[in-house]
Each structure stands twice: as C-alpha cells, then as structure tokens.
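Going by this note's numbering, the residue at position 268 of the sequence shown is 268; the numbering climbs one at a time, nothing skipped.
Ideal Cβ positions, reconstructed from N, Cα and C, are used throughout, including at glycine.
Note sheet for the following structure.
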Amino acid sequence: MKDFEISEHSAHRHDDDVCTNDSNNPTLQSMVDARLSRREVLVGGLGAAAAFTAGSAGMLASPDAKALPAGFSLSFNPVAKNLADTVTVPPGYSVTVLTPTGEALTSSTPAYVGDGSETGDSYAFRAGDHHDGMYYFGLSSDGTRPDPRNSRRGLLCINHENITQPFLHANGATVVGGVRPVADEVIKEMNAHGVSIVELVPGPSRSNPVAFNRGSRYNRRITSLTDVILSGPVAGDPQVVTRYSPNGTRTRGTVNNCANGFTPWGTYLTCEENWAFYFRRAAGDNANRSAAEVTALNRYSIPAGAAGNYGWTTVVPSDPSDTRFSRWDATVTGATPADDFRNAPNTFGWVVEIDPYDPQSTPRKRTAMARFFREGAWPANFVPGRPVVFYQGCDSRNEYIYKFVSSARLDPRDLARPDRLAVGDKYLDSGTVYVARFDASGTGTWIPLIFGINGLDPNNAIYPFSSQADVLIHARLAADAVGATKMDRPEWAAVNRVNGEVYFTLTNNSTRGTTGPAVDAANPRSYADQKGAATQRGNVNGHIIRFREDGNNSSATSFRWDIFGFGAQADADPANVNVSGLTDVNDFSSPDGLWFGRETNDSNGLLWIQTDDGAYTDVTNCMLLAAVPGRVGDGGTVTINGVQTPVGAKATESRLRRFLVGPKGAEITGLDSTPDGRVLFVNIQHPGENTPASQIGSPELYESHFPGGGLSRPRSATLAIVKDDFGIVGL
Ligand code: FEO
Ligand code: CA
Ligand code: CA
Numbered sequence: 001m002k003d004f005e006i007s008e009h010s011a012h013r014h015d016d017d018v019c020t021n022d023s024n025n026p027t028l029q030s031m032v033d034a035r036l037s038r039r040e041v042l043v044g045g046l047g048a049a050a051a052f053t054a055g056s057a058g059m060l061a062s063p064d065a066k067a068l069p070a071g072f073s074l075s076f077n078p079v080a081k082n083l084a085d086t087v088t089v090p091p092g093y094s095v096t097v098l099t100p101t102g103e104a105l106t107s108s109t110p111a112y113v114g115d116g117s118e119t120g121d122s123y124a125f126r127a128g129d130h131h132d133g134m135y136y137f138g139l140s141s142d143g144t145r146p147d148p149r150n151s152r153r154g155l156l157c158i159n160h161e162n163i164t165q166p167f168l169h170a171n172g173a174t175v176v177g178g179v180r181p182v183a184d185e186v187i188k189e190m191n192a193h194g195v196s197i198v199e200l201v202p203g204p205s206r207s208n209p210v211a212f213n214r215g216s217r218y219n220r221r222i223t224s225l226t227d228v229i230l231s232g233p234v235a236g237d238p239q240v241v242t243r244y245s246p247n248g249t250r251t252r253g254t255v256n257n258c259a260n261g262f263t264p265w266g267t268y269l270t271c272e273e274n275w276a277f278y279f280r281r282a283a284g285d286n287a288n289r290s291a292a293e294v295t296a297l298n299r300y301s302i303p304a305g306a307a308g309n310y311g312w313t314t315v316v317p318s319d320p321s322d323t324r325f326s327r328w329d330a331t332v333t334g335a336t337p338a339d340d341f342r343n344a345p346n347t348f349g350w351v352v353e354i355d356p357y358d359p360q361s362t363p364r365k366r367t368a369m370a371r372f373f374r375e376g377a378w379p380a381n382f383v384p385g386r387p388v389v390f391y392q393g394c395d396s397r398n399e400y401i402y403k404f405v406s407s408a409r410l411d412p413r414d415l416a417r418p419d420r421l422a423v424g425d426k427y428l429d430s431g432t433v434y435v436a437r438f439d440a441s442g443t444g445t446w447i448p449l450i451f452g453i454n455g456l457d458p459n460n461a462i463y464p465f466s467s468q469a470d471v472l473i474h475a476r477l478a479a480d481a482v483g484a485t486k487m488d489r490p491e492w493a494a495v496n497r498v499n500g501e502v503y504f505t506l507t508n509n510s511t512r513g514t515t516g517p518a519v520d521a522a523n524p525r526s527y528a529d530q531k532g533a534a535t536q537r538g539n540v541n542g543h544i545i546r547f548r549e550d551g552n553n554s555s556a557t558s559f560r561w562d563i564f565g566f567g568a569q570a571d572a573d574p575a576n577v578n579v580s581g582l583t584d585v586n587d588f589s590s591p592d593g594l595w596f597g598r599e600t601n602d603s604n605g606l607l608w609i610q611t612d613d614g615a616y617t618d619v620t621n622c623m624l625l626a627a628v629p630g631r632v633g634d635g636g637t638v639t640i641n642g643v644q645t646p647v648g649a650k651a652t653e654s655r656l657r658r659f660l661v662g663p664k665g666a667e668i669t670g671l672d673s674t675p676d677g678r679v680l681f682v683n684i685q686h687p688g689e690n691t692p693a694s695q696i697g698s699p700e701l702y703e704s705h706f707p708g709g710g711l712s713r714p715r716s717a718t719l720a721i722v723k724d725d726f727g728i729v730g731l
C-alpha cells in the first residue's frame, strides 16, 4: 500500500502512521565513534558458495548458480522519470495485463462490468484488489501435476493486500451515521482481500506469451472469510480461543496480504502485514483486560478505542448468528474467550502456507514463525541436510528484521511428496525465531527468541512472558526485550542465489532523527527534503541494507552487513543524502519490493527494486529498477553527518537503471518470472488511489484510468512483460 503519506480521505490507517515501539533498544548512538575496520569488511571472500539452490518450487537445482560475468552492464535503455498515467518500459519490451481487480476467475462468474455493480459474494470468484506479492508455480504441460521447470503453463499466486474502497462500489461506500448499512458492500471488501490462484497457459503470440485460463480447476480465491488452520506451537493456546474456534485451532481468513514467500516443496507463503488496523476495540475495553494484555494490544496497534478499517464491525447482520462482521471486534463482550472475539487479533500476523496445486486444501497459519506486522517470508538458499531458513521483516517504523530456522533438516525426498502441507508441518511448525542486531562495526548478531532465555520469562519488565507460544504471539515485545535494532521500516527481502547474501529494503522513516530514534550506523540518514512547499524530514527516501551470514551458513548467529544503496533524488546533497551517487537514470525513493531473478536462468544475478513512494511523486510515479548487485563490503565506508557506516560500491548508470515507471497513484510491487526468465510478472497496485470518494461518478476526475483507459475505473493488475526477441528480461 502507499504508505509514506496519509491521504486525508483515507478510510483506513496506513502502516506509517503509528509507531508503538517505545523500547529502549540501542540505536547505536553510543557507538557512532566506533571505527570500522576496512580490512574486516573486505577480507573473507565468499569462496565457492556451495549451496544447492532450489530450481523453483519442488526441485533442487545444480550447485552452480549462474553468476553474471564480471563487469556485466545493463543494456536496456533506462526509462525516464515521468508522471504519465501508463506503464512505461524500455524500447523492445511489451506489456500484457492479466487478471485485473474484479476479473471473473471462473466460467460461471459474470464478466466484470466496471461500474461497482458486482456483488459481494461474486468477489469470492473474482480477482481481488491491490495485487501485491506473487509467485509462479509451474504445471506439467497437460496440467495434471507440478512441474516447477515449466515456463509455459503454471499457477500464479497473487496477494491482494488491501482495497481502494470507492471504486469497488457503485457510488463509493455507503455510510450512514458512521454505520455500514449495506452488508453486501462489506462482504465485497472482505472478499477483495486475500490471495488469488490463477492458471496461466500459452498466449496467442510471442509478444503475448501467457494467457489466463478462466476455466481452470486450479483457479481459486482465499479471502478474509476462508477457513484456515492454526498450526504449530500456538495452535490450541488459550490466547487464540475464539467464538469461531473454541479450541483455538482455526481462524477465519487472512487479511492485508502484503509480500510472500515460497517453499521448495511447492507451496506458497502469504504474509499478513497491517492486519491490526482492521480490528475495532471499544474505548472502555482496557478495564476488562489484564495489564499484560493491554501492553500487548498497544504494542500491536490495537489500543482501546480503535475504530477498525472501513467500519466492518458496524454491519448489523440479518442473521444474529452471523459473526462475519463482529469477528473484527476485539472488545470483551462475552463471558469467556469462546463467547466473543477478544482473541481474534492473535490469529493474525502470521505466515500462511497455501498448497496451490490442491484447490480443496485448507491453508495453515505457521505460528512457529512468530507474529508481527509481517511483510514477507523469503527463503535462504535451500541446502540438503541443513535447516530451511526464512528472512522476514516487520514493516512499521522502528521495527525489526527476523529470521526463522527450522528444527528439521532438509531431506530432498520430501520435495516431491504430494502431501505438501504435511511437509510444511515438518519444516514450518518447529524451529527458532531470531531477531537482528546491527552493530556499528559492520557485524551483526541474531538473537534467539526462546522462552526462558535472554530474560523472556514471567519476570521480564517489558512483558511477563508465560510460554513459548506467548513469545511467538508477542514477538515484537520479545524483540524489544532482547535489544534488537530498530530499523527504518523493513519491507521486502531478497536472497542472492549466487552467493546467499540477503538484501532488505528499509523503505523510509519519518521519525528517524526527528521524533523517534537517533540515527545509527544501519539507519544513518535523517535530513530535510522539499516536496513542493512541504518539508519532509527523517529518512525520507529509504535505503537497502544487505548482509552475509558468517560461514555463508544461513543458520549462523552472526553476519556482516553494509548498505547497498540509499534512495535519494539525483540533485540532493551528495555527502549526506544522495550518498550512492544516483543520477536521473536511476534515482528512486522508498524502495519496497525486492527480488533476485530466478536461479534457473541467466538473470539470476540481477537485483530488481520496486518503489512505493509518496516523497518523490511530485517528480515521478513509482518505478522498477534493475541492479547488478556486487557483494557485501565492496564499497568501503562513508561518514554521513558524523555517522560512519559500511556501504556498497556507488551506483553507476550501467549497473543500476530504471526499467519501468507505473501509472498515476500506483505503487509497483510483487515480482516474479517464469522459470526461464522470459516473462517477468510485475504488479500494479492501487492506480488512482488518491481519487477522493466524492469524485466517484465523475470519471473524468479519476486520478488514473489504468489499465482500461478512457473513462474506466482504475484497477490493480498483474503485468506480464516480455522482450520482443523473447530473450531473458533485463539482460
Ligand atoms: Fe505492504 Fe510493507 O508494504
Ligand atoms: Ca523532493
Ligand atoms: Ca510493501
């Protein structure tokens, strides 16, 4: 979602407008004088990265991940910054639009009309809104079984993070006296969240090589109303008992599905980011809560008096036993937790595992991986005989970077099993969650979040932890307690398949060095930037941090890090703001989506960067860039306003350039390709979202008409991008 600026007309709270981290964790201010040893950063080359990498879901590929040749340069013509209401790509590339919001996913669903007249129930069979993280799973040519290497037929899993509410309804949302009187509108909004699974088949031409198969038996929606199993250590815990599941083993739906992940056994991971803002809690509810509960609810942004996004709880259902609306009210109203939804918030914030190949399967929330405002879950390279490891960020200001290390070690025989979610039980229901501390020296430590260790016990001054399930449910509080480093909003991660190095976007932080923590080595910038007459402060444009695990072992408890690059406008102060030396062909702001090319094709060494910006949008719409990544420590150190920090080599125009600029009001997010790298999938999220609800009915005033053009309503959508010679995209 667009998260830097809060539009006055927004009906919901964005992730950047609340900061609940009041912990005293080190900001490294005390260490700004520490001297980084250049030698420490530069020695210890990678050697042979002996990791086997997953070919794509379901396979282990050769150990020889293909690196770009030394001195490789990007060859496509960079796209200029622009404010056009279209998708701009380099000459020699074509764009096809797939499954935009509202598209009918089954043959029996009425075609999308585009006037908001589609019913709420029909959205359980239509593409949802706000396309976000995604992953392509290959199918065999006859469509009967997984074939991870097949680029011509496959299943695309697409997250639907949120909604642009006014465009979903004929005249915008109906609200009377603060109440939503039209239940069908709210059902539509719930169904427009979640995940789509859509089958892609060969398209009509080389410039249009994939097409959506509306009749596929695999096409499926998972929404905020779908039954989901709670799996792992928190399942059955008293803190997840609800009226929906009195034994605490299930919950209803998934929401605010932002980024994603995948497993080598062929499942999709969808991740719950700003779920907390959907919950209402009555102003007086603290009186019915323990002190620990109040601490936890505040830390997870559900304070007493929270209204809940879109007023979903205000619907009065015709059937009093219908709890689809009241389940978003976390107020204590019943005699016991099994009589109300006080615990419903504890059933969100998780990784949700989905088997895309089995349309009848029930998704499972993987509680061993911990609960926060989870952006995604990105796998380290998969190595037989070692744990599986997922990197994950908590995207709010001053939150943390985490990783999950499975207890089970990867057995390649598991990867072709047909009971994929049972394989998930083996690897994702038991393990250790760590949180990162970044030290000024350029080293870092992973601190385990284990009940009874590091003060995570009933005597803890921040929160009285009662069990490992309690630590997992309240991972933010556990991370506060162990001294993790507060970061500038961790968004996506990406793992370099060639050398295992891990990149994280830190999208921006308006509180850094202003009302929040001081700058530190890992979050070293705080400055003023002009946007028209407005002065923006803090880390306005964001940066990208990266690290290499010690021993090139993703289970290691220590790492080395540097800052790959800093977002900035090209004409900003080169010493303290445009530290990476960006120019007009590659300047960007608010990096968000991040992806390395698939390891099964020659583009695996390219890093792709997407933006979700509100700071530089006076100059350009959001964008996608491609980069040649280098490696940790290849740039030495810089000193920014007195703070010394390790950095990557400066960007050059041949190694970082803009590949795409999106339409008006949209963020660019979600990225994958076919395994052969010849079709790149990119999501356009919320074009036209700055259109005031009052302008519905005046289509000439809509901020965007993408993708339909004319006077049509804007729709989120997936792009399929190909090179005219059907070569690998980006090379
Ligand atoms: Fe959904 Fe953190 O962006
Ligand atoms: Ca500016
Ligand atoms: Ca995002």
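Which residues DSSP lists as bridging GLN536, in chain order: ASP529
I believe GLY697 touches PRO714 by the beta-carbon criterion, under 8 Å. Please report the beta-carbon distance rounded to the nearest angstrom. 15 Å between Cβ atoms; not a contact.
Examine ligand 1 and report whether any of its heavy atoms sits within less than 7 Å of the Cβ of GLU161. yes
Using 7 Å as the cut-off, classify the Cβ of ASP132 as near or not near the heavy atoms of ligand 1, replying yes or no. yes
For the putative contact between THR99 and ALA666, defined by C-beta atoms under 8 Å, what is the C-beta separation to the nearest angstrom? THR99 to ALA666, Cβ: 16 Å. No contact.
Spatial neighbours of ASN553 within its chain, please: CB distance less than 7 Å, with the 5 preceding and 5 following residues excluded, ordered by chain position. none
Hey, is ALA422 close to ligand 5, as in C-beta under 7 Å from one of its heavy atoms? As presented, the structure is devoid of ligand 5, carrying ligand 1, ligand 2 and ligand 3 as its sole ligands.
Shorter than 7 Å, the distance from the beta carbon of GLU272 to the closest heavy atom of ligand 3, or not? no
Span separating the alpha-carbon of CYS622 from that of GLY532: 17 Å
If I follow the unbroken beta strand (DSSP E) through GLY424, where does it start and stop? Looking at the DSSP string, GLY424 is not in any beta strand (DSSP E); the run it does join, the alpha helix (DSSP H), is 420–428.
Is VAL628 closer than 8 Å to LEU68 when the C-beta atoms are compared? yes
Minimum C-alpha distance to SER321 - residue among ARG243, PRO574, PRO707 and VAL198: ARG243
What is the chain-ordered set of residues for which the beta carbon lies under 6 Å from any non-hydrogen atom of ligand 2? ASP529, GLN530, LYS531, GLN569 and TYR616
Taking 8 Å as the cut-off, decide whether the C-beta atoms of PHE547 and GLY444 are in contact. yes
THR164: CB within 7 Å of a non-hydrogen atom of ligand 3: no
What are the start and end residues of each continuous alpha helix (DSSP H) run of 4 or more residues lying completely inside the region 461–516, in chain order? 468–473 and 475–482
Closest to ILE354 by CA distance: which of LEU624, VAL423, LEU606 and ASP676 is it? VAL423
Can you list, in chain order, the residues of its chain with a C-beta nearer than 8 Å to that of SER107? Leave out the 5 residues immediately preceding and following it. ARG214 and GLY215
In angstroms with no decimal places, state the Cα-to-Cα distance between PRO181 and GLN530. 43 Å
Can you list, in chain order, the residues of its chain with a C-beta nearer than 6 Å to that of PHE76? Leave out the 5 residues immediately preceding and following it. PRO90
Just the Cα atoms here: how many angstroms apart are TYR527 and GLY538? 5 Å
Whole-Å CB distance - ALA370 paired with ALA292, under 8 Å assumed: Not confirmed; about 18 Å, so no contact.
GLN468 and TYR310: beta carbons closer than 8 Å? no
First through last residue of the alpha helix (DSSP H) which encompasses GLN165: 165–168
Between GLU491 and ligand 3, is the CB less than 7 Å from at least one heavy atom? yes
With the cut-off set at 8 Å, would you say GLY648 and ILE563 are in Cβ contact? yes
Inspect the beta-carbon positions of ASN256 and THR270 and report whether they are closer than 8 Å. no
Run of the beta strand (DSSP E) containing ALA660, from where it starts to where it stops: Correcting the residue type first, residue 660 is Leu in the shown sequence and not Ala. Element bounds for LEU660: 656–661.
Compare the Cα-Cα distances from PHE167 to each of GLY92, ALA192 and GLY178 and report the closest residue. ALA192
So for ASP587, helix, strand or coil by DSSP? coil
Own chain partners of THR86 with C-beta closer than 8 Å, once the 5 adjacent residues on each side are dropped: PRO663 and PHE706
Host alpha helix (DSSP H) of GLU185 (start-end): 183–191
Have a look at ARG206, THR88, THR20 and ASN21 and flag the residue whose alpha-carbon is nearest the alpha-carbon of GLY727. ARG206
Given that a residue counts as buried once 16 or more other Cβ atoms are within 10 Å of its Cβ, and exposed if not, what is ALA335? exposed
In terms of alpha-carbon separation, which member of LEU624, SER117 and HIS686 lies closest to HIS130? HIS686
Three-state class that DSSP yields for TYR123 in the structure shown: helix
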